[in-house]
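Residue numbers (the numbering used here): 23 to 833.
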Amino acid sequence: MKLIRTAAWTAAGVALMLLAGAAWIAVTFDPNDYKADLVALVEARTQRTLRIDGDLKLFFWPRLGADLGRTALSERRSATPFLSVEQARVSLAIWPLLRGRMVVDEVSLAGASVTLARDKNGRFNFDDLLSQSSGGGSESARVDLDIAGIRLKNGALVFKDALSGNTVQLGQLDLDTGRLTDGVRTPIALRTRVSSVLPAAALDLNLKTQLTFDRQAQRIALHGLHATAAGNALDIRGVDAAVSGDIALSWADGALQVADLVASVKGQQGTRHFEGKLSAPKIALTGDLLEGDAATFTAKVNEAQRTLAADLKLPAFAREGRRFRSGVAELALDFTQNNGTGKDTLKATVSAPLNGQLTADGRGLQSLDITLLTLKGSGTLQGQNIDMQLTSPLAVDMATRALSMPALKMGAQGRGERLPGGKLAVDLVGALQAGLRTEQVSLDLKGKVDTSQLAAHVSVKDFNAPRFKFDATVDTLNIDQYRHASTPALGDKSGRPGGGVPGTLDFSALRDLHGEGSVKIGRLVADGLTLAAVSADLRAAGGKLEVAPFSAAAFEGNVRGALTLDGSASTPAIALKTQASSIAIAPLLKHFAQSDTLEGRGSLNLDVTARGNTTAALRAALNGGGDILLVDGAIRGFNLAGTLREARGMLQQLRGEKSYRGSATEKTDFSELKGTFTIRDGVLQNRDLALKAPLLRAAGAGNVDLAHGTLDYTTRATLAATSKGQGGKEASELRGFTVPVRFTGPLSAPQYTIDFAGMAMDAARTEVESRVREALEKRLGGGATGDATQGTQPSKPADVLREGLRGLFGR
Numbered sequence: 023m024k025l026i027r028t029a030a031w032t033a034a035g036v037a038l039m040l041l042a043g044a045a046w047i048a049v050t051f052d053p054n055d056y057k058a059d060l061v062a063l064v065e066a067r068t069q070r071t072l073r074i075d076g077d078l079k080l081f082f083w084p085r086l087g088a089d090l091g092r093t094a095l096s097e098r099r100s101a102t103p104f105l106s107v108e109q110a111r112v113s114l115a116i117w118p119l120l121r122g123r124m125v126v127d128e129v130s131l132a133g134a135s136v137t138l139a140r141d142k143n144g145r146f147n148f149d150d151l152l153s154q155s156s157g158g159g160s161e162s163a164r165v166d167l168d169i170a171g172i173r174l175k176n177g178a179l180v181f182k183d184a185l186s187g188n189t190v191q192l193g194q195l196d197l198d199t200g201r202l203t204d205g206v207r208t209p210i211a212l213r214t215r216v217s218s219v220l221p222a223a224a225l226d227l228n229l230k231t232q233l234t235f236d237r238q239a240q241r242i243a244l245h246g247l248h249a250t251a252a253g254n255a256l257d258i259r260g261v262d263a264a265v266s267g268d269i270a271l272s273w274a275d276g277a278l279q280v281a282d283l284v285a286s287v288k289g290q291q292g293t294r295h296f297e298g299k300l301s302a303p304k305i306a307l308t309g310d311l312l313e314g315d316a317a318t319f320t321a322k323v324n325e326a327q328r329t330l331a332a333d334l335k336l337p338a339f340a341r342e343g344r345r346f347r348s349g350v351a352e353l354a355l356d357f358t359q360n361n362g363t364g365k366d367t368l369k370a371t372v373s374a375p376l377n378g379q380l381t382a383d384g385r386g387l388q389s390l391d392i393t394l395l396t397l398k399g400s401g402t403l404q405g406q407n408i409d410m411q412l413t414s415p416l417a418v419d420m421a422t423r424a425l426s427m428p429a430l431k432m433g434a435q436g437r438g439e440r441l442p443g444g445k446l447a448v449d450l451v452g453a454l455q456a457g458l459r460t461e462q463v464s465l466d467l468k469g470k471v472d473t474s475q476l477a478a479h480v481s482v483k484d485f486n487a488p489r490f491k492f493d494a495t496v497d498t499l500n501i502d503q504y505r506h507a508s509t510p511a512l513g514d515k516s517g518r519p520g521g522g523v524p525g526t527l528d529f530s531a532l533r534d535l536h537g538e539g540s541v542k543i544g545r546l547v548a549d550g551l552t553l554a555a556v557s558a559d560l561r562a563a564g565g566k567l568e569v570a571p572f573s574a575a576a577f578e579g580n581v582r583g584a585l586t587l588d589g590s591a592s593t594p595a596i597a598l599k600t601q602a603s604s605i606a607i608a609p610l611l612k613h614f615a616q617s618d619t620l621e622g623r624g625s626l627n628l629d630v631t632a633r634g635n636t637t638a639a640l641r642a643a644l645n646g647g648g649d650i651l652l653v654d655g656a657i658r659g660f661n662l663a664g665t666l667r668e669a670r671g672m673l674q675q676l677r678g679e680k681s682y683r684g685s686a687t688e689k690t691d692f693s694e695l696k697g698t699f700t701i702r703d704g705v706l707q708n709r710d711l712a713l714k715a716p717l718l719r720a721a722g723a724g725n726v727d728l729a730h731g732t733l734d735y736t737t738r739a740t741l742a743a744t745s746k747g748q749g750g751k752e753a754s755e756l757r758g759f760t761v762p763v764r765f766t767g768p769l770s771a772p773q774y775t776i777d778f779a780g781m782a783m784d785a786a787r788t789e790v791e792s793r794v795r796e797a798l799e800k801r802l803g804g805g806a807t808g809d810a811t812q813g814t815q816p817s818k819p820a821d822v823l824r825e826g827l828r829g830l831f832g833r
């Protein structure tokens with residue numbers, strides 16, 4: 023008992039001595055006297071400037087520590103601040119220090135700011151400090167880490183990266199911790215505002231968790247982690263993200279354990295609102311073994327009239343060595359869109375068993391093999407019901423970033439009144455190859471779409487500026503059957519001059535189109551026109567689409583030529599060169615001009631250009647020319663031969679002009695019609711029309727206004743010499759007379775006018791010339807030609823002329 027009392031008094035004495043010593047030091051020692059020496063020492067050791075604006079204070083009881091006022095440390099060999107603090111306090115527990123252990127009782131910082139930087143060569147502004155601190159000390163000099171708590175208020179951390187051009191800042195930084203020592207779970211609370219330049223972001227970050235670490239076992243764990251971020255990032259406004267769960271990491275063996283992980287995010291990008299959530303109950307990585315329980319991911323996107331929801335179910339998976347395997351992953355999609363009259367909907371599911379191989383270091387995916395990818399979907403589009411299916415094996419090589427679907431099968435079925443025949447059927451097979459590194463995609467397809475059998479090859483190169491190549495063959499294609507009844511055809515059959523209501527033309531999409539290809543169609547129906555043996559080569563570049571050459575069997579003949587659509591300028595332009603041979607002109611005019619005034623077969627050559635933003639503007643700006651040759655045809659609505667047979671009576675009456683309206687039952691037959699024409703600003707001009715018929719010949723000249731669908735054209739018909747019996751006595755009497763006929767009005771219903779007065783004057787002039795010639799021949803030729811019973815002949819030229827006129831008019 024006496025020994026215990028002695029030890030107690032001894033300890034008390036030592037404590038008193040220590041307290042007395044500490045008190046003497048506190049009274050007699052002023053650390054501010056050594057500030058200059060400390061600044062000089064830092065300058066000599068680090069080439070950095072230490073500035074201490076506040077006072078240094080030491081305290082010794084109940085803990086040993088120091089208070090530090092405003093202090094700053096500069097960059098190396100620079101006055102630029104590297105670290106600064108408004109106020110700091112560090113204290114050590116005394117009794118552990120007496121036992122040889124260092125226990126930091128408190129670390130408190132207010133207004134601390136650190137600026138980290140990396141230059142373009144990859145060097146950090148603190149590399150010199152690390153090289154100096156790593157040079158000394160031994161393992162035996164290391165002290166245990168035991169900090170009762172850290173409190174950081176209104177701190178800031180800035181990282182300036184010249185290598186990437188980015189700047190990241192953690193401002194308004196507050197940190198509170200419990201006791202930090204090995205094996206003790208301690209609460210952590212962190213609040214800060216994170217901002218960056220690349221990408222542009224400004225987020226408020228809050229984190230709460232309980233931390234456990236063991237430096238000896240090289241293990242760290244976060245229990246009950248809950249972190250949130252709110253603000254703006256990139257072009258996303260109103261970001262609201264959260265992460266929770268338990269995470270444990272052992273850096274000695276690389277083991278990772280994640281439990282009850284839940285991550286969610288929502289925000290707004292433009293008018294698009296989105297949200298997503300990931301749930302993963304367990305992920306475990308131990309050596310070469312990676313395992314995980316089934317996980318789910320859900321997402322939803324809302325934008326104006328559209329909504330898309332996705333639900334991904336990932337099965338439990340396991341990795342052993344470099345191979346990993348899982349069950350069947352399933353993705354469900356639900357899409358809805360308002361189309362103005364109702365809703366378009368699509369519900370689809372994608373399923374695939376996932377198997378693959380990791381890279382040699384096990385940190386990345388080397389390949390992915392899906393034995394059978396399956397897609398099934400159903401929905402409505404513009405009120406029509408659609409079902410679809412797609413299956414194929416899928417192989418992905420991450421090393422070459424290549425994708426292959428070697429046995430692709432696609433099918434679709436549709437039902438609805440707007441579908442041709444009320445239904446749609448698609449059955450295609452093919453193969454798909456894609457290379458992200460080479461930026462190439464190749465697709466081969468063959469099969470049936472409704473009644474069309476097709477085979478096609480399409481390839482695309484350079485994803486930034488895509489260039490395509492294609493080759494397609496179709497046995498029959500009816501485009502009109504896919505056109506809704508309310509959609510106007512390109513060639514309007516309303517009877518309006520020049521076609522239907524002019525539509526706006528926009529070729530601007532051609533500016534981003536680059537490529538070439540060819541297409542062959544056995545039978546094509548488009549805009550009410552049926553073509554056979556269609557063949558065309560296409561080339562797109564520089565905002566132009568060239569279809570050259572193209573050929574087809576059309577209008578009972580053959581058509582070939584070249585077409586250019588030019589969208590390189592703000593105003594679209596078109597150029598067409600075509601040669602048509604052995605065609606029937608009637609169906610051609612019926613289709614393109616809604617006119618049936620001309621019949622016959624022959625050839626038509628056309629070379630025209632036009633520029634305009636509407637179809638009406640194109641017609642008004644049409645320029646070029648061509649020629650036409652027709653045989654064995656007719657001009658409907660006008661019987662020129664019949665009109666000639668009325669000529670004698672009209673000549674006797676000399677009543678001048680008379681107008682007629684064309685009749686659909688009348689027509690003028692011809693054996694040949696030919697001529698050339700020019701087109702300028704939408705007006706077709708012809709000066710050399712030549713028409714041949716059994717009883718007459720005709721020449722013509724005039725204009726046709728294609729923009730307004732009108733004409734002003736004059737023909738001059740002459741009764742030709744005929745075989746015996748043709749035309750009778752009246753035709754014989756009119757032989758050689760010329761009949762002027764002028765056509766005016768709309769192309770769909772032209773009106774013609776016959777100038778009988780002019781015809782009479784021509785006839786009189788011809789008869790006078792004939793009679794005068796005969797009289798002169800009799801008077802000057804020797805008189806032997808006269809008739810024996812004839813009376814005395816006129817001897818003066820005036821008498822000869824008078825006699826000729828009397829014979830002409832029967833007086």
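Backbone N, C-alpha and C fix where the C-beta goes; we use that ideal spot for every residue, glycine too.
Buried or exposed, going by whether 16 or more other CB atoms sit within 10 Å of the CB of residue i?
i: Glu578; result: exposed
i: Ile392; result: buried
i: Ala222; result: exposed
i: Ala115; result: buried
i: Val206; result: exposed
i: Ala302; result: buried
i: Gly314; result: buried
i: Lys689; result: buried
i: Tyr504; result: exposed
Pick out whichever of the options has its Cα sitting closest to the Cα of residue i.
i: Ala453; options: Ser474, Val480, Gly443, Glu461; result: Val480
i: Ala478; options: Ser464, Asp484, Asn486, Asp472; result: Ser464
i: Gln601; options: Ser590, Gly624, Gln616; result: Gly624
i: Leu225; options: Gln238, Ala251, Pro53; result: Ala251
i: Gln455; options: Leu446, Gly438, Gln475, Thr422; result: Thr422
i: Ala591; options: Ala723, Asp528, Arg70; result: Asp528
i: Leu229; options: Ser217, Ala249, Phe235, Leu220; result: Ala249
Ignore the nearest five residues each way along the sequence and tell me which others in residue i's own chain have a CB closer than 7 Å to its CB.
i: Leu79; result: In the sequence as displayed, the identity of residue 79 is Lys instead of Leu. Result list for Lys79: Ala88, Asp89, in chain order.
i: Asp141; result: Ala184
i: Lys364; result: The sequence shown places Gly at residue 364, not Lys. These residues qualify, in order along the chain: Gly405.
What does a CB cutoff of less than 6 Å around residue i pick up in its chain, not counting 5 residues either side in sequence?
i: Ala563; result: His536
i: Leu412; result: Leu397, Met432
i: Ser286; result: Ala264, Lys299
i: Val541; result: Ala494, Ala558
i: Asp150; result: Arg98
When you compare only the Cα positions, how much space is there between residue i and residue j?
i: Ile408; j: Met427; result: 24 Å
i: Gly678; j: Thr766; result: In this prediction, Gly678 scores a pLDDT of 44, lower than 50, which makes its location untrustworthy; no coordinate-derived value is stated.
i: Phe146; j: Phe104; result: 12 Å
i: Thr381; j: Leu311; result: 14 Å
i: Val180; j: Leu138; result: 6 Å
i: Leu167; j: Leu278; result: 24 Å
i: Arg459; j: Ala424; result: 7 Å
i: Thr637; j: Thr593; result: 12 Å
i: Gln707; j: Leu628; result: 14 Å
i: Val340; j: Phe485; result: Reading off the sequence shown, one finds Ala at residue 340, where the question assumed Val. Each residue's alpha carbon lies about 35 Å from the other.
i: Phe296; j: Phe614; result: 51 Å
i: Asp691; j: Glu439; result: 47 Å
i: Ala434; j: Met410; result: 4 Å
i: Ala417; j: Ala94; result: 59 Å
Please go through the same chain and pick out, in chain order, the residues whose beta-carbon is closer than 8 Å to the beta-carbon of residue i, but skip the five residues on each side of it.
i: Thr320; result: Gly298, Lys299, Ala331, Ala332, Asp333, Leu334
i: Thr631; result: Ala595, Ile596, Ala597, Leu598, Leu644, Asn645, Gly646
i: Asn580; result: Ser573, Ala574, Ala602, Ser603, Ser604, Ile605
Consider the C-beta atom of residue i and the heavy atoms of the ligand NAP; say whether any pair is separated by less than 6 Å.
i: Leu114; result: Among the ligands in the structure shown, none appear at all, so the ligand NAP cannot be discussed.
Just to check my reading of the structure: residue i and residue j have Cβ atoms closer than 8 Å, yes? What is that Cβ distance to the nearest angstrom?
i: Arg17; j: Ser272; result: The requested residue 17 is not part of the displayed model; the chain covers only 23 to 833.
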